[in-house]
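Using our numbering, count along the sequence shown one by one with no gaps and you end on 454.
Have a look at the structure below, then the notes.
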Amino acid sequence: MCGGGNAALCAAIEARRAGATVILLERGPQHMRGGNTRHTRDIRLAHDAPNAAADGAYGEDEFYADLLRVTGGETNDVLARLTIRESATLADWMARQGVRWQKPLTGTLSLARTNGFFLGGGKHLVNTYYDTAQRLGVEVRYGATVRAFELDGDRVASVIYERFDREHRVACGAAVIAAGGFEADVDWLREYWGDAADRFTIRGTPYNTGVALKALYDAGAKRVGDPRGLHSVAVDARAPRFDGGIVTRIDSIPFGIVVNAAGERFYDEGEDLWPKRYAIWGKLIADQPGQAAYAIFDAKAAGRFIPSAFRPLSAASIGELARQLDLDANVLTATVERFNASISAGGEVRMDRLDGRSTSGLMPPKSNWAQRIDSAPYYAYPLRPGVTFTYLGVEVDADARVSTSEGGGFENVFAAGECMAGNILTRGYLAGLGLTIGATFGRIAGVGAAQYARA
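Below is the structure:
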């Protein structure tokens, strides 16, 4: 197994239970094991009735319709349907590995019906899976960077990796690649984004630089996904460059407005429910001058969303707030006044539904949750694009087997997680779906690899 997060661990557990001898190569050190999974907290699950993980019902057809809405209808239907169907079995499977469920969070998330929240968050999930895997007999090698695959025709005969500044080679009957994308390689991002990449914040692990993905390409794997495709959210511009995680995400956007460095709005902050639209904001900010933006809200919204690790800036007037942000005070004041003048409805904003409280005659509009910004103190978060993972990866079939660029596929190479998510997520995102894809294809890949290796 190449990788050490959710997808790789699910694969390792299932492969070991299927009777295979399993070595897991985790690039990070033990105290940072788990890749981006360390920063997660929930997973999207289909279910026909309430269960220990989620309320109500969230059927496969509704799940699929949500996916099509965020991807603009562009997805591999077979793999998408497979992911959604298998997600209905994940709550029980995860519980059998030792995962415990908790009540969902409130605020802008509105996920009680669609997602399950695991007790202790991503680090506890990672630790639980590692405990299970090692109890089953999976050998874990930390600090192992996969560099190449040695081929014998259309099968991988061995994996070459670097550990403690020495090159190692391990023969394998089958290999599962679940080592993430390339978001932590800023030079690679720069190939598609130019100098803008230098102002991206990488929310997750610094170890996802795509070395295993490059090794797959060198071995002849078929590419899939948009090279510029990113799961990228709005994060606090004061966040660390790497590994800031979920606590640097800004969730105030639906409650106010977002302006660029010129003090102007540039997108509809109320387009859809937050779990279906929060992941578009990183790319929107990446397309703005200087890759900078600012979330503006007032006292009415304060405390109504999950806060960031950083306190917002505050001021008694919009002009004073603009000066703190180094924005033109006259321009930002005029932007807020135009926004306020376009709103006619009053009353309390509710984030659990599309309320239709929209602006009139304003471009871009705000389609829902529009309320005047008129109650001091006024607040702002400075924003940057926060990249979670990239969508460029390798093509797989329904057995998680990696396709080759010449047609057909490898006999014994399987992929799961971020490195193949671009088959399903061509663009956009649904909260918790990355873990769903990783767990689904991790389990499939683990079983497939074990069956091939033991044949």
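Built from N, CA and C at the ideal position, the CB exists for glycine as well.
- Where does Asp91 sit, in a helix, a strand or coil, going by DSSP? For Asp91, the three-state secondary structure derived from DSSP is helix.
- Item | Residue of Tyr293, Glu268, Gly72 minimising C-alpha distance to Ile423 | Comparing C-alpha distances from Ile423 to each of Tyr293, Glu268, Gly72 shows the shortest one belongs to Gly72.
- Task: Give me whichever residues DSSP pairs with Asn259 in a beta bridge.
- Result: Beta-bridge pairing by DSSP links Asn259 to Ala292.
- Message: Can you look up Tyr206 in the DSSP assignment and give me helix, strand or coil?
- Response: Note: Tyr206 maps to coil in three-state DSSP.
- Item | Span of the alpha helix (DSSP H), counted from its first residue to its last, around Gly385 | First-last for Gly385: 377–389, but that is the beta strand (DSSP E), not the alpha helix (DSSP H).
- Task: Could you check the C-alpha separation between Leu331 and Val69 for me, to the nearest Å?
- Result: Whole-angstrom Cα-Cα distance: 31 Å.
- Where Asp65 sits in the DSSP three-state scheme: Asp65 falls in the helix class under three-state DSSP.
- Length of the line joining the Cα atoms of Ala294 and Ile342: Here the alpha carbons of Ile342 and Ala294 stand approximately 19 Å from one another.
- Message: Once DSSP output is grouped into helix, strand and coil, what is the label at Val77?
- Response: The answer is helix: DSSP assigns Val77 an H, G or I state.
- Item | Sequence ranges, alpha helix (DSSP H) only - wholly within the segment 171–217, length at least 4 | DSSP runs (the alpha helix (DSSP H)) wholly in the segment 171–217: 185–192, 210–217.
- Figure out for me which residue from Pro103, Val393, Ala438, Ala10 has the closest Cα to the Cα of Ser404. Among Pro103, Val393, Ala438, Ala10, the Cα nearest to that of Ser404 is on Val393.
- Query: How is Arg322 classed by DSSP in three states: helix, strand or coil?
  - Reply: Looking at Arg322 - three-state DSSP - the assignment turns out to be helix.
- Identify the residues that DSSP records as bridge partners of Cys9: which are they? Under DSSP, Cys9 takes part in no beta bridge, so it has no partner.
- Output yes or no for whether 8 Å exceeds the beta carbon distance between Val232 and Arg222. The answer is no: Cβ separation not under 8 Å.
- Would you decide whether Glu25 is buried or exposed? Buried here means 16 or more other CB atoms lie within 10 Å of its CB. Buried, by the Cβ-count rule.
- Could you give the residue range of the beta strand (DSSP E) that holds His230? Counting along the chain, the beta strand (DSSP E) containing His230 begins and ends at 229–235.
- Item | Distance, Leu326 Cα to Tyr377 Cα | Cα to Cα, Tyr377 sits roughly 15 Å from Leu326.
- Query: Do you know how far the Cα of Val175 is from the Cα of Glu61?
  - Reply: One C-alpha to the other measures close to 31 Å.
- Message: Between the alpha carbons of Cys1 and Phe338, how many angstroms are there, rounded?
- Response: Counting only the Cα atoms, Phe338 lies some 50 Å from Cys1.
- Query: Considering only C-alpha positions, which residue in the set Ala454, Ala369, Asn5 is nearest to Thr358?
  - Reply: Residue Ala369 is the option with its Cα nearest to Thr358.
- Message: I believe Tyr160 touches Ala178 by the beta-carbon criterion, under 8 Å. Please report the beta-carbon distance rounded to the nearest angstrom.
- Response: The pair is not a contact, with the Cβ atoms about 11 Å apart (cut-off 8 Å).
- Message: Quick check on Trp273: does DSSP put it in helix, strand or coil?
- Response: Residue state, collapsed to three classes: helix.
- By a C-beta neighbour count over all protein chains shown, 10 Å radius and 16 as the cutoff for buried, is Arg95 buried or exposed? An exposed status is given to Arg95, since fewer than 16 other beta-carbon atoms sit within 10 Å of its beta-carbon.
- Which word fits Gln29, buried or exposed, when buried means at least 16 other C-beta atoms lie within 10 angstroms of its C-beta? The Cβ neighbour count for Gln29, taken over all protein chains shown within 10 Å, is under 16; the residue is labelled exposed.
- Query: What is the rounded straight-line gap between the Cα of Val77 and the Cα of Pro274?
  - Reply: Those two C-alpha atoms are separated by around 24 Å.
- To the nearest angstrom, report how far apart Arg310 and Leu324 are at their CA atoms. Cα to Cα, the separation comes out at about 14 Å.
- Item | Beta-carbon contacts of Arg495 that lie in its chain and below 6 Å, excluding the five residues immediately before and after | One cannot answer for residue 495 here, as it falls past the ends of the chain, which runs 0 to 454.
- Residues of its chain near Phe296, where Cβ-Cβ distance is below 7 Å and the 5 sequence neighbours each way are ignored: These residues qualify, in order along the chain: Ser251, Phe254, Gly255, Ile372, Tyr378.
- Item | Residues near Ala48 by beta carbon distance below 7 Å, same chain, minus five either side | So the list reads Ala56, once near-sequence residues are dropped.
- CB of Arg264 within 8 Å of CB of Pro363, strictly: It is a contact, given that the beta carbons lie within the stated cut-off.
- Assuming Asp461 and Ala430 form a contact by the criterion Cβ under 8 Å, report the distance between their Cβ atoms to the nearest whole angstrom. Nothing can be reported for residue 461, as the shown portion of the chain is limited to 0 through 454.
- Message: To the nearest angstrom, how far is the alpha carbon of Ala261 from that of Gln290?
- Response: C-alpha separation (whole angstroms): 12 Å.
- Query: Starting from Val446 and walking both ways along the alpha helix (DSSP H), at which residues does that stretch end?
  - Reply: From DSSP, the alpha helix (DSSP H) with Val446 extends over 432–453.
- What's the gap between the Cα of Gln133 and the Cα of Ala7? If you draw a straight line from the Cα of Gln133 to the Cα of Ala7, it is about 13 Å long.
- Note down, in chain order, each residue of its chain lying with its Cβ closer than 6 Å to the Cβ of Asp351, except the 5 sequence neighbours on either side. Cβ-Cβ distances below 6 Å link Asp351 to Ser109 in the same chain, with the five nearest sequence neighbours on each side left out; the list follows chain order.
- Taking 8 Å as the cut-off, decide whether the C-beta atoms of Thr387 and Asn35 are in contact. Yes, they are a contact pair.
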